[in-house]
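Enquirer:
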Amino acid sequence: ILMLYFYYLNLQPLQQVKNYSNLHILFLSWGGDGLVDTLKSGDTGKNLQNMAITSLRAMHQEGVIHRDVRKEKARIIKDDKGKSPLSWAAANGCASAVEVLLTSTRVDKASVDDDKRNAISWASGGGHHHVLVKLLDGGCPGVDTKDIDGWTPLAWAIQTDSSDTVRVLVNDEEVQLERRDGGGRTALSWAVEYGHAKVVKVLLQAGADPEAKSNRGSTPISIAKQFGRDDLLSELMAYKA
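Using UniProt numbering, read the sequence shown as starting at 1 and increasing by one per residue.
(1) Look at the alpha carbon of N171 and the alpha carbon of G217, and state the distance between them as a whole number of angstroms.
(2) Taking the alpha carbon of Y239 as the reference point, which residue from P220, I148, D149, S111 has its own alpha carbon closest?
(3) Of the residues P85, C94, D114, I120, which one's Cα is nearest the Cα of R106?
(4) Look at the alpha carbon of S189 and the alpha carbon of S162, and state the distance between them as a whole number of angstroms.
(5) Pick helix, strand or coil for D137, following the three-state DSSP scheme.
(6) So, under 8 Å CB-CB, A90 and A110 are touching, yes? Tell me the CB distance rounded to an integer number of Å.
(7) In whole angstroms, what separates the C-alpha of D230 from that of V200?
(8) Quick check: V143 and E174, are their CB atoms within less than 8 Å of each other?
(9) Using alpha carbons as the reference points, say which of A212, C140, V133 lies closest to G184.
(10) Could you have a look at I223 and say whether DSSP puts it in helix, strand or coil?
(11) A191 and I158 look like a contact to me (Cβ under 8 Å); what is the Cβ gap, rounded to whole Å?
(12) Would you give the residue range spanned by the alpha helix (DSSP H) that R179 belongs to?
(13) Taking just the CA atoms, how far does E193 sit from F227?
(14) Quick one: using the 10 Å Cβ neighbour count with 16 as the cut-off for buried, is G42 buried or exposed?
(15) Hey, how far is the Cα of K146 from the Cα of R117?
(16) Quick check on T165 - is its C-beta less than 8 Å from some C-beta in chain C?
(17) Any idea what DSSP makes of R167, helix, strand or coil?
(18) On a Cα-Cα basis, can you pick out the residue from V112, D164, L236 that is closest to C140?
(19) Under DSSP, the alpha helix (DSSP H) around K198 begins and ends at which residues?
(20) I think V98 touches V131, with their Cβ atoms under 8 Å apart; what is that distance to the nearest whole Å?
(21) Please classify N215 as buried or exposed, where buried requires at least 16 other C-beta atoms within 10 Å of its C-beta.
(22) Nearest to D80 by alpha carbon, out of Q205, D115, T186, G93?
(23) Tell me the rounded alpha-carbon separation between G207 and R180.
(24) Note down the Cα distance separating E202 from E235, rounded to an integer number of angstroms.
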């Protein structure tokens, strides 16, 4: 039956699968505890307690997580890029999975992957503010930590254009609203360039400086003028000191 699943989905036999992300299609299409357990117990020649199972349990198998994590059965391991089940669940907005994972003492709340991104970063990048709240309430650290590219969770939330996620972040006392990137630009500066009006408003209400200069001398106000965003310009001018 298992091999028919792979044939139906036009995938290679499990022994030949090098990229376990292909198995996401299988789990998403069929799901179910029975298939998960079959894969776990089968002699596949590869360790299936990895990205394929842990991530998709986190994303779509909340019942399985509840059963195994609460009973201390599941192995909490990372995928081949260092991404934990908690980060997978956060990235995909699975609040109930996150809630269950946070109850386990074996889940590393501070876990970061090879790109130095944590669960908070992934939730922020996905615009999942409800998941972000659970992570913060659950004691997950790193709300203002930069990843390998220098992006903070706030930077990810701004790019995603999630004003609700941005609001959650700026209300956290650890988040530095005027934190500069490598070019001396602030979160507000990027929000204006992206043209994300609701995010701009949230940042201004939180106290972001519309006249903060970058290393090249640009400000959120000058950027709004440059891109012809009169709507944002009027908003920025209203908060000008």
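Every residue, glycine too, gets a C-beta built ideally from N, C-alpha and C. Computed from a prediction, not measured in an experiment: that's the story for all the values here.
Expert: Based on what the coordinates show:
(1) 28 Å
(2) P220
(3) P85
(4) 16 Å
(5) helix
(6) That pair is no contact at about 13 Å.
(7) 13 Å
(8) yes
(9) A212
(10) helix
(11) 5 Å
(12) Element bounds for R179: n/a, residue is neither H nor E.
(13) 7 Å
(14) Residue confidence for G42 is low, a pLDDT of 46 falling below 50, so the modelled location carries little weight; the figure read from the coordinates is stated next. Counting Cβ neighbours within 10 Å, G42 comes out exposed, since fewer than 16 surround it.
(15) 8 Å
(16) This model lacks chain C altogether, as it is built from one protein chain only.
(17) helix
(18) V112
(19) 197–205
(20) 5 Å
(21) exposed
(22) D115
(23) 15 Å
(24) In the sequence on display, residue 202 carries Val and not Glu. Cα to Cα, V202 sits roughly 11 Å from E235.
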